[in-house]
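Everything below concerns the one structure shown next.
Numbering (this note's numbering), first residue to last: 13 to 142.
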């Protein structure tokens with residue numbers, strides 16, 4: 013596999029309580045290697061009012077990377093500091109065929125949290141061997 017990384021960024025500027033989502037795809041086969049979220053003001057950890065940020069397939073049945081701002085999970089996001097999303101349940105299924113639709117989402121719980129930042133998806137080319 014090629015070591016050249018591909019970076020795609022999505023701005024998320026949402027008021028507390030709103031769901032944010034963006035859909036995208038690649039024109040070639042890739043391996044998802046990570047995702048980060050960087051917020052202008054940071055996001056405080058809270059077990060009642062929180063966000064779950066995910067990189068997933070388009071129908072939400074596979075989660076590749078995620079960050080949950082509950083104190084009991086990944087917790088707070090520090091202002092102006094890229095925060096790596098944790099490996100999700102389907103991280104080992106991270107080879108994505110060309111034309112597959114993926115999504116980055118932020119889903120609030122309780123009253124949620126405001127977002128003013130950028131989600132960056134990191135991938136690299138994946139060869140198909142037969």
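Every residue, glycine too, gets a C-beta built ideally from N, C-alpha and C.
Quick check: residue i and residue j, are their CB atoms within less than 8 angstroms of each other?
| i | j | result |
| --- | --- | --- |
| residue 119 | residue 67 | no |
| residue 125 | residue 16 | no |
| residue 104 | residue 74 | no |
| residue 28 | residue 123 | yes |
| residue 48 | residue 95 | yes |
| residue 112 | residue 46 | no |
Out of the options, which has the shortest C-alpha to C-alpha gap to residue i?
| i | options | result |
| --- | --- | --- |
| residue 58 | 86, 112 and 46 | 86 |
| residue 93 | 55, 64 and 140 | 55 |
| residue 50 | 76, 130, 138 and 21 | 130 |
| residue 121 | 64, 23 and 18 | 64 |
Is residue i helix, strand or coil by DSSP?
| i | result |
| --- | --- |
| residue 59 | coil |
| residue 104 | helix |
| residue 25 | strand |
Taking all protein chains shown into account, do 16 or more other C-beta atoms lie within 10 angstroms of the C-beta of residue i, making it buried, or fewer, making it exposed?
| i | result |
| --- | --- |
| residue 140 | exposed |
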